[in-house]
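Novice: Shown below is the structure under consideration.
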Amino acid sequence: MPQNKLKAIKGQKPTRFAITSNDLLTGDVVYLSVNGTWVLDIAGAKHFASESVAEGVTQHSHAACADKIVGAYVIGLDEAGQPISNRETLRTKGPSNYFHGKQQIT
Amino acid sequence: MYQYHDFDKDFVKDRVSEFRAITQRRIDGVLTEEEYKPFRLQNGLYLQLHAYMLRIAIPYGTLSSRQMHKLADIAERWDKGYGHFTTRQNIQFNWMKLQDVGDVLEALAQADMHAIQTSGNCIRNVTADHFAGAAKDEVEDPRITAELLRQWSTGHPEFAFLPRKFKIAVTGCRDDRAVTAFHDIGIQIIRNQAGEIGYRILIGGGLGRTPLIGQVLSDFVPKADLLCYLESVMHIYNRYGRRDNKYKARIKILVQENGLDETKAQIEAHFHAIKQTHPPLSQALVQKITSDFAPPDFTKIGAFDLEAECALSPSFARWVAQSTDKHRDDNHVILTISLKKHGATPGDATASQMRIMADIAKRYAYDELRVSHEQNIILPHVPKPHLLTIYNLLKKAELATANTGLVSDIIACPGLDYCGLATARSIPIAQQIATHFDTLKSEYDIGPLKIKISGCINACGHHHVGHIGILGLDRAGVENYQITLGGDGTQDAAIGQRTGPGFSFDEIVGAIDKIIAHYLAKRTSRDETFLDYYKRVGMTPFKDLLYHD
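Residue numbers (my numbering), protein chains in the order written: chain A, 1 to 106; chain B, 1001 to 1549.
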């Protein structure tokens, strides 16, 4: 009965931002990297100090990669570069009932 | 079992070809996601948190062993070795890759299956009593009607773009195991005073953010009029159902806003207007479907002393007592195979477990399986002499947990672990509750108790009709779980009432434990079930113990 511990803090505000999407062919969770490619590991995600800047990049990246990804959007991160929302934490780590999602990759 | 005709086979084959061609255009960049998404959804393909999810239709929950084997093959070849049986009697595969889905649909078509209309604003897979054809008190096998509705609604051009999705359930019994009162249309097959078989129609039931109990639209619709009558319902819904707000677009809101009387008047006016010109129901078709669902020859099985066999093994006796129901033939039973091993994910089965269940059905139980909306597998016709052999085979496969109907037989939606709509996790809560009461060894003492968990307000886990319902929400970024009490999805339909403020992930199992400990301490006897107790004492003592002690 594996379970990911979720550590979301009530009302926590993000200190930085990243852009995430799903790979068109595999459905895998991906993140926009510094060099403009989409990577599986959130550790390789490009960080943005401003949410509005990230939003602008999202629109551009989504348009440029519409045949590679599905639905890019901005997520909030904490100081350690980890998602602050439970949903995005699970997307980063995989489901909590089986260790066969992202856990196998990262 | 219903047998596909050439028409069915060609239809499904064409849809597979269409899916492959249009998906390739998406992969090639010819189609945008906005253009492609409605199409993939109409073929049951969602994009969830981690991957694509394919929802496969299991009409009225009925499977042959060949079809169950095919699902096992898909789980092994294209997924991660397991599938998730749902509260709509379907199966979902959570780890699909887009480029594989055409092959998966082709494999399904080889076994007369598909994923058509398992999503989108159309008439979804028609569900039915999972004891159909086996229940002792049945007026008629509801799958005959459900199959007729499947043929009528599949690809029906007028119903392809409804205001919202539309769900129909059918039962042939007074004991409602199909939750008909909580469907857009609930159909109960009845016999009137003249001895004629027809339909009692409920309308406007539903769960989700606005839970409502279906109201009686008609006390008796003759069999010959069913399709014409339902076509009138759909016509009025299509015409007047709201399209401005998806949260108010289900037919239950139309009935609620306009009132039952006005809605009924509109439907019946349309019915009478089209009745004379509506194509008559083909009796040849009905007879063909009826013959497809002809019961097996039960007379080949003689009397058997099951009690004597149970006396030799307490664990077998416990399993029989908990997992079997009375069959229409005294030498058979209806067997529920629990997919709720303590600590496991409710409704999940591995490929090898699917194969074992399929092989047992083929060898010992007339080659038929059912998926129940409570996320278990049913063998509807099991000869009593085979039960011990089946028990031993299931036990080896970790499929002989004797907990059907008990506190650990929990319905849980996929929740935030998988679902793009969810706001909190469901599965770990179900796992912890089941493990907790298994550790206490108290579930047999607690007796019948249905816990149902949803990971968001859409209520796929049916929490509104749980004796104890749990609704997972997001409160300022953290998971929070509200509790409802007194829900009932049967013929005594009731919507559970909220106890009060919710509990955190770490608190919710303790809160459920308090509720059940109170019931055990205060019930008049073991014969007073949790639901009976709640009906007797009401909400106050539970509020006191949860919030004031």
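We put the beta carbon where it would ideally sit given N, CA and C, even for glycine.
Exposed or buried, Glu1158/B, counting other C-beta atoms within 10 Å across all chains shown (16 or more means buried)?
Specialist: Label assigned to Glu1158/B: exposed.
Novice: Assuming Pro1296/B contacts Tyr1366/B (C-beta within less than 8 Å), just tell me the rounded distance between them.
Specialist: Contact flag correct, Cβ pair sits at about 4 Å.
Novice: Excluding the five sequence neighbours on either side, which residues of its own chain have a C-beta within less than 6 Å of the C-beta of Phe1166/B, listed in chain order?
Specialist: Only Ile1123 and Asp1184 meet the Cβ criterion.
Novice: Under 8 Å, with one C-beta from each stretch per pair, do the stretch 1001–1014 of chain B and the stretch 87–105 of chain A reach the 3-pair mark?
Specialist: Judged by Cβ distances under 8 Å, the stretch 1001–1014 of chain B makes no contact with the stretch 87–105 of chain A, as fewer than three pairs qualify.
Novice: Kindly give me the distance between the Cβ atoms of Leu24/A and Leu1045/B, rounded to whole angstroms, as I take these residues to be in contact under 8 Å.
Specialist: So it is not a contact: roughly 12 Å between Cβ atoms.
Novice: Using a Cβ cut-off of 8 Å (strictly closer), state whether Gly1029/B contacts chain A.
Specialist: Yes - at least one Cβ of chain A is within 8 Å of the one on Gly1029/B.
Novice: With DSSP as the reference, identify every bridge partner of Asp1488/B, one or two as the case may be.
Specialist: Looking at the DSSP assignment, Asp1488/B forms a beta bridge with Ala1494/B.
Novice: Which residue from Phe17/A, Ser96/A and Ala80/A puts its Cα closest to that of Gly56/A?
Specialist: Measuring from the Cα of Gly56/A, the nearest candidate turns out to be Phe17/A.
Novice: Could you have a look at Val1255/B and say whether DSSP puts it in helix, strand or coil?
Specialist: Helix, per DSSP.
Novice: Closer than 8 Å by beta-carbon distance: list the chain A residues that pair up with Asp1417/B, in chain order.
Specialist: The contacting residues are Leu90, Pro95, Ser96 and Asn97.
Novice: As an exercise, report each continuous beta strand (DSSP E) stretch of at least 3 residues that is fully enclosed by the stretch 1278–1310 of chain B, in chain order.
Specialist: Correct list: empty.
Novice: Would a check of beta-carbon distances place Gln1089/B closer than 8 Å to chain A?
Specialist: So no, Gln1089/B is outside the interface.
Novice: In whole angstroms, give me the CA-to-CA distance for Leu77/A and Ala1412/B.
Specialist: Answer to the nearest angstrom: the Cα atoms are 30 Å apart.
Novice: Can you name the residues of chain B whose CB is closer than 7 Å to the CB of Gln103/A?
Specialist: Per Cβ cutoff of 7 Å: no residues; Gln103/A is ~11 Å from chain B at best.
Novice: Mind pulling the alpha helix (DSSP H) runs of 4 or more residues that sit fully within the stretch 1087–1135 of chain B?
Specialist: Entirely contained in the stretch 1087–1135 of chain B, the alpha helix (DSSP H) runs reaching 4 residues are, in chain order, 1098–1110.
Novice: Could you pull the DSSP bridge partners for Thr1557/B from this structure?
Specialist: Only positions 1001 to 1549 of chain B appear in this structure, which leaves residue 1557/B out of reach.
Novice: Which residues of chain B have a Cβ atom closer than 8 Å to the Cβ of Val70/A, listed in chain order?
Specialist: Chain B residues near Val70/A: Glu1033 and Leu1047.
Novice: Under 8 Å Cβ-Cβ, which residues of chain B neighbour Thr26/A?
Specialist: Within 8 Å Cβ-Cβ: Ala1051, Lys1097 and Leu1098.
Novice: Applying a beta-carbon distance threshold of less than 8 Å, which residues of chain A neighbour Thr1345/B?
Specialist: Result: Asn97 and Tyr98.
Novice: With a threshold of 7 Å on Cβ separation, who are the neighbours of Ala1109/B within its own chain once the five nearest residues in sequence on each side are excluded?
Specialist: Excluding sequence neighbours, Ala1109/B sits near Val1012, Lys1013 and Val1016.
Novice: If we cut at 8 Å on Cβ distances, does Ala63/A have a partner in chain B?
Specialist: By this cut-off, Ala63/A is not an interface position.
Novice: Between Gln59/A and chain B, is any beta-carbon pair separated by less than 8 Å?
Specialist: No, because no Cβ of chain B sits closer than 8 Å to the Cβ of Gln59/A.
Novice: Going by DSSP, name the residue or residues bridged to His1332/B.
Specialist: In the DSSP output, where bridge partners are listed per residue, His1332/B has Pro1383/B.
Novice: Starting from Arg1551/B, trace the beta strand (DSSP E) both ways and give me its first and last residue.
Specialist: Nothing about residue 1551/B can be read from this structure; chain B reaches only from 1001 to 1549.
Novice: Less than 8 Å between the beta carbons of Gln1048/B and Gly1420/B, yes or no?
Specialist: In this structure, Gly1420/B lies closer than 8 Å to Gln1048/B by Cβ.
Novice: Given that a residue counts as buried once 16 or more other Cβ atoms are within 10 Å of its Cβ, and exposed if not, what is Lys1452/B?
Specialist: Lys1452/B comes out buried.
Novice: Name the chain A residues that come within less than 9 Å of Val1101/B, Cβ to Cβ?
Specialist: The contacting residues do not exist; Val1101/B stays about 10 Å from chain A at best.
Novice: Taking a Cβ distance cut-off of 9 Å, strictly less, list which residues of the stretch 1420–1434 of chain B are near chain A, in chain order.
Specialist: Listed in sequence order: Gly1420, Ala1422, Thr1423, Ala1424, Arg1425, Ile1427, Pro1428, Gln1431 and Gln1432.
Novice: So, is Asp1225/B buried or exposed, given that buried needs 16 or more other C-beta atoms within 10 angstroms?
Specialist: So Asp1225/B counts as buried.
Novice: What does Ala1476/B reach in chain A if we use C-beta pairs closer than 7 Å?
Specialist: The answer, in chain order, is Lys10 and Gly11.
Novice: Keeping to the same chain, check which residues put their C-beta closer than 7 Å to that of His1235/B; ignore five residues upstream and five downstream.
Specialist: Closer than 7 Å at Cβ, skipping near neighbours: His1270.
Novice: Considering only DSSP beta bridges, list what Met1357/B is partnered with.
Specialist: Paired residues: none, contrary to the question.
Novice: Mind checking which residues open and close the beta strand (DSSP E) that includes Gly1198/B?
Specialist: Run containing Gly1198/B: Ile1197 to Ile1203, per the beta strand (DSSP E) assignment.
Novice: Using DSSP's beta-bridge definition, name the partner residues of Asn1480/B.
Specialist: Bridge partners of Asn1480/B: Leu1473/B and Ser1504/B.
Novice: How far does the beta strand (DSSP E) with Phe1011/B in it extend, from its first residue to its last?
Specialist: Here Phe1011/B belongs to no beta strand (DSSP E); instead the alpha helix (DSSP H) covers Asp1006 to Ile1027.
Novice: Helix, strand or coil, according to DSSP, for Leu1260/B in the structure here?
Specialist: In this structure, Leu1260/B counts as helix in the three-state DSSP scheme.
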